[in-house]
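J.: Everything in the sequence shown is counted per the working numbering, starting at -3 for the first residue and increasing by one.
Backbone N, C-alpha and C define an ideal beta-carbon position, used for all residues, glycine too.
Following this message is one structure expressed as structure tokens.
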Amino acid sequence: MKLLIVGGVAGGASAAARARRLSENAQIIVFERGPDVSFANCGLPYYLGGPIAQREKLLITTPERLQARFALDVRTRSSVEAIDRQAKTIRVRDLVEGREYEESYDKLILAPGATPIRPPLPGIDLPGIFTLRNLQDIDRIKAAVDQGATQAVVVGAGFIGLELVENLVHRGVAVTLVELQDQILPPLDKEMTTPLLETLQAKGVRVLLGESAEGFAPTEAGVSVQLKSGERLPAQLVILGVGVRPENKLAVDAGLEVGPRGGVRVDAFLRTSDPDIYAVGDCIEVRDYVSGAPAQVPLAGPANRQGRIAADNVFGRAVTYRGTQGTAIVGLFDRTIAMTGASEKSLKRAGRTFRKVYIHPANHAGYYPGAEGMSLKLLFEPDSGKVLGAQAVGGAGVDKRIDVLAVALQASLTVFDLEEMELAYAPQYGSAKDPINMAGFVAAGMIRGDHPQLDVEAVLALPPAERPYLLDVRTPQEFAAGNIPGAVNIPVDDLRGRLAEVPRDRPIAVYCQVGQRGYLATRVLRQHGIEASNIGGGYKTYRLFEPATS
Ligand code: FAD
-3 MKLLIVGGVA
7 GGASAAARAR
17 RLSENAQIIV
27 FERGPDVSFA
37 NCGLPYYLGG
47 PIAQREKLLI
57 TTPERLQARF
67 ALDVRTRSSV
77 EAIDRQAKTI
87 RVRDLVEGRE
97 YEESYDKLIL
107 APGATPIRPP
117 LPGIDLPGIF
127 TLRNLQDIDR
137 IKAAVDQGAT
147 QAVVVGAGFI
157 GLELVENLVH
167 RGVAVTLVEL
177 QDQILPPLDK
187 EMTTPLLETL
197 QAKGVRVLLG
207 ESAEGFAPTE
217 AGVSVQLKSG
227 ERLPAQLVIL
237 GVGVRPENKL
247 AVDAGLEVGP
257 RGGVRVDAFL
267 RTSDPDIYAV
277 GDCIEVRDYV
287 SGAPAQVPLA
297 GPANRQGRIA
307 ADNVFGRAVT
317 YRGTQGTAIV
327 GLFDRTIAMT
337 GASEKSLKRA
347 GRTFRKVYIH
357 PANHAGYYPG
367 AEGMSLKLLF
377 EPDSGKVLGA
387 QAVGGAGVDK
397 RIDVLAVALQ
407 ASLTVFDLEE
417 MELAYAPQYG
427 SAKDPINMAG
437 FVAAGMIRGD
447 HPQLDVEAVL
457 ALPPAERPYL
467 LDVRTPQEFA
477 AGNIPGAVNI
487 PVDDLRGRLA
497 EVPRDRPIAV
507 YCQVGQRGYL
517 ATRVLRQHGI
527 EASNIGGGYK
537 TYRLFEPATS
């Protein structure tokens, strides 16, 4: 077997190592256009900001080590230019010597990744305007900062954009973040990103939402970024993080099928429309695990696993790829945000019915020092309670909850399973009722009808005359510190004695700080014949939709 692999980083290197473990006899050649293989793309922003101090730490392995341990023939600075599917050969350009040669294959795995989008805007090729994909890119960005850049514009508030913002701030650079959408981190639901927006603002980052870069002009000190609003932003450094495009040229030129967004089409075995050619990683179109629809999800975990699976299939093991859930996480200063599965907006786009809960628990028992809060949103099917997606934002413990929910989603568990989930507990790690259990209790209570719940944004969207009677059941101190306009305060402990004050001629929307006292008050009111519902997640959820700064 002669196996050729195009691309030597996440998907390609995984495929190559797996292939060797499966076959000592195969001839395996990896072609990588750049000078490095198997480098840590995900670590690049942290080399700029300082946490990763040594550049060589980003080089997970070298061609020499891959040769020594896996007997791989790794050819760096070697660009694969074309595939001849009839002859089963590829044409390779040796970028050092400038010569071209052909190499034959029995099987070919494409893992060329995705390339950062550089929109064709006026001035886009001026010095000082960067994208980030590899070590050479971060070297250039770092050099600009080392040479004294004091003002940066980051265009695009996605995962990589935010990581760059954090690391630029660590270096003392004043950053303006420009984002076309009306929120940061567009894959997530907007309200869940509110705490990060507040963090960015607290760190002095200027965030311009609903704004776009329209062009760039040279200035004496660097570049001026021309915004759609007419404003011009001076900068010495501009970084574009506006998304990636699958590197599909080889596949397209060879007549392989690609999807509408350019991803190479593969079957469940990661085989392209040519049975001798597999494709993995950012260059392929995957199946969205929740919707089943084709999707483009550029993440390292899927790329690595797909590399293994493609190699398995090359060597005769029929292994299928289950699809991509889009489980993702990003840290921003002391905050973490993470998601898995569908978002509310993707479910709405797909016209799918769902229900949702918000909870605002601490990562571990409140009585143990150092508990940190989080907000967790769970999306599930209305009747079966099947988990469809989740998002969480906060401090410690966000990663653990999203990972548990990612497993729940993959295993097709329901909110009733979440109620029963037995998770590790001691006070410094969790709670006897873990946030996962709590989300399950609330969601299952909704389905069982024990817990009539209202969505705060639906209440706020009503004209004031049509809104339910808003009953705030927190303490007077909490009420005074901030409340939903129009609400009346009756603390939950006084409620039974003050029932006469609650109107019976209109529905009551109860809320507390996080939803728990509101639930209790709702139960009290309903058992006294009053039509009451609880605002899910209480005042804290309200603040996600209506930030204190807005
Ligand atoms: P890549 O890892 O990009 O490798 C493709 C390689 O193929 C490239 O080195 C390219 O030079 C080479 N190549 C392309 N065409 C040819 C050709 N014709 N001939 C020869 N070689 C070729 N994902 C996460 O899940 N979590 C993170 O925290 C995260 N952080 C990231 C941070 C940054 C700055 C970046 C850039 C990406 C990050 N990602 C993260 C995404 C993740 O790195 C990618 O999803 C993953 O690397 C994709 O793997 P891949 O093998 O498809 O492509």
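May I ask whether a heavy atom of the ligand FAD can be found less than 7 Å away from the beta carbon of Pro108?
T.: The answer is yes for Pro108.
J.: Out of curiosity, what's the CA-to-CA distance linking Gly436 and Asp185?
T.: Approximately 20 Å between the Cα atoms of the pair.
J.: Less than 8 Å between the beta carbons of Thr111 and Glu99, yes or no?
T.: For Thr111 and Glu99, no; Cβs fall outside 8 Å.
J.: What residues in its chain sit with their C-beta under 7 Å from that of Arg261, if we drop five residues either side in the sequence?
T.: The answer, listed in chain order, is Glu253, Val254, Gly255, Thr268, Ser269 and Glu281.
J.: Going by the beta-carbon positions, is the gap between Phe155 and Val326 smaller than 8 Å?
T.: In contact: Phe155 and Val326 (Cβ atoms closer than 8 Å).
J.: Starting from Phe212 and walking both ways along the beta strand (DSSP E), at which residues does that stretch end?
T.: Its beta strand (DSSP E) spans residues Ala209 to Thr215.
J.: Taking all protein chains shown into account, decide if Tyr317 is buried (16 or more other Cβ within 10 angstroms of its Cβ) or exposed.
T.: Under this definition Tyr317 is a buried residue.
J.: Tell me, please, whether the segment 127 to 138 touches the segment 34 to 52 by the rule of three or more beta-carbon pairs shorter than 8 Å.
T.: The segment 127 to 138 is in contact with the segment 34 to 52.
J.: Would you say the segment 48 to 64 touches the segment 29 to 36, given that touching needs at least three Cβ pairs under 8 Å?
T.: Yes, they touch.
J.: Would a C-beta distance cut-off of 8 Å place Pro108 and Arg73 closer than the cut-off?
T.: Taking 8 Å as the Cβ cut-off, Pro108 and Arg73 do not qualify as a contacting pair.
J.: I'd like to check one pair, Leu192 with Leu375: are the Cβ atoms closer than 8 Å?
T.: Going by C-beta atoms, Leu375 is not nearer than 8 Å to Leu192.
J.: Could you give the DSSP three-state label for Met434: helix, strand or coil?
T.: Three-state DSSP puts Met434 in a helix.
J.: Distance check for Glu497 and Arg522, CA to CA, integer angstroms please.
T.: Looking at the two C-alpha atoms, the distance is approximately 15 Å.
J.: Thinking C-alpha only, which one of Met442, Glu418 and Pro543 is nearest Ser529?
T.: Looking at the Cα atoms, Met442 is the closest of the given residues.
J.: If we count the other Cβ atoms within 10 Å of its Cβ and call it buried at 16 or more, is Lys344 buried or exposed?
T.: Exposed, since its Cβ has fewer than 16 Cβ neighbours within 10 Å.
J.: When you compare the CB positions of Val171 and Val201, do they come within less than 8 Å of one another, or not?
T.: Yes, the Cβ-Cβ distance between Val171 and Val201 is below 8 Å.
J.: Compare the C-beta of Asp379 with all C-beta atoms of chain D and state if any pair is closer than 8 Å.
T.: Of the protein chains in this structure there is only one, and it is not chain D.
J.: Answer with buried or exposed for Tyr97, where buried requires no fewer than 16 other C-beta atoms within 10 angstroms of its C-beta.
T.: With fewer than 16 Cβ atoms within 10 Å of its Cβ, Tyr97 is classed as exposed.
J.: Would you call the segment 390 to 402 and the segment 340 to 355 in contact, with 3 or more CB pairs under 8 Å?
T.: As far as the Cβ criterion goes, the segment 390 to 402 does not touch the segment 340 to 355, which means the pair count is below three.
J.: Can you check DSSP and say which residues form a bridge with Ala528?
T.: DSSP lists Ile504 as partners of Ala528.
J.: On the CB-based measure, 16 or more other CB atoms within 10 Å of its CB, does Ala324 come out buried or exposed?
T.: Answer is buried; the Cβ neighbour count reaches 16.
J.: Excluding the five sequence neighbours on either side, which residues of its own chain have a C-beta within less than 6 Å of the C-beta of Leu13, listed in chain order?
T.: The sequence given here has Ala at residue 13, not Leu. Result list for Ala13: Phe66, in chain order.
J.: Taking the beta strand (DSSP E) that Lys352 falls in, what are its first and last residues?
T.: Arg351 to Ile355 is the span of the beta strand (DSSP E), which, as asked, contains Lys352.
J.: Would you call the CB atoms of Ala250 and Arg71 closer than 8 Å?
T.: Contact flag unset, no.
J.: Report yes or no: do the segment 115 to 124 and the segment 290 to 301 share at least 3 C-beta pairs separated by less than 8 Å?
T.: These segments do not touch.
J.: Tell me whether Ala83 counts as near the ligand FAD, meaning its Cβ is closer than 7 Å to at least one heavy atom of that ligand.
T.: Not under cutoff, so the answer is no.
J.: Does the beta-carbon of Val76, which I'm using as the reference point, lie nearer than 7 Å to any heavy atom of the ligand FAD?
T.: Correct: Val76 has its Cβ closer than 7 Å to the ligand FAD.
J.: Would the segment 419 to 427 count as touching the segment 295 to 312 if we require 3 or more Cβ pairs under 8 Å?
T.: In short, these stretches do not touch, since the Cβ pair count stays below three.
J.: Between Phe27 and the ligand FAD, is there a pair consisting of the residue's CB and a ligand heavy atom that are separated by less than 7 Å?
T.: Yes, since a heavy atom of the ligand FAD falls inside the 7 Å radius drawn around the Cβ of Phe27.
J.: So is Arg500 buried or exposed if we call it buried at 16+ other beta carbons inside 10 Å?
T.: It is exposed - the Cβ of Arg500 has fewer than 16 other Cβ atoms within 10 Å.
J.: For Gln23, write down the residues that DSSP places opposite it in a beta bridge.
T.: Paired residue(s): Lys(-2).
J.: Identify the residues that DSSP records as bridge partners of Ser371: which are they?
T.: The partner list for Ser371 (beta bridge, DSSP) reads Val389.
J.: What is the DSSP secondary structure of Ser408, counted as helix, strand or coil?
T.: It is coil, neither helix nor strand.
J.: Tell me, to the nearest whole angstrom, how far the beta carbon of Leu562 is from that of Arg397; I am working on the premise that it is less than 8 Å.
T.: For residue 562 there is no data in the structure shown, the boundaries of the chain being -3 and 546.
J.: At a cut-off of 7 Å, is Val353 close to the ligand FAD when judged by its beta-carbon and the heavy atoms of the ligand?
T.: Incorrect: Val353 has no Cβ contact closer than 7 Å to the ligand FAD.
J.: Who are the near neighbours of Gln222 in its chain, counting only those whose CB is closer than 6 Å to its CB and skipping five residues on each side?
T.: Taken in chain order, the residues that qualify are Glu210, Gly211 and Arg228.
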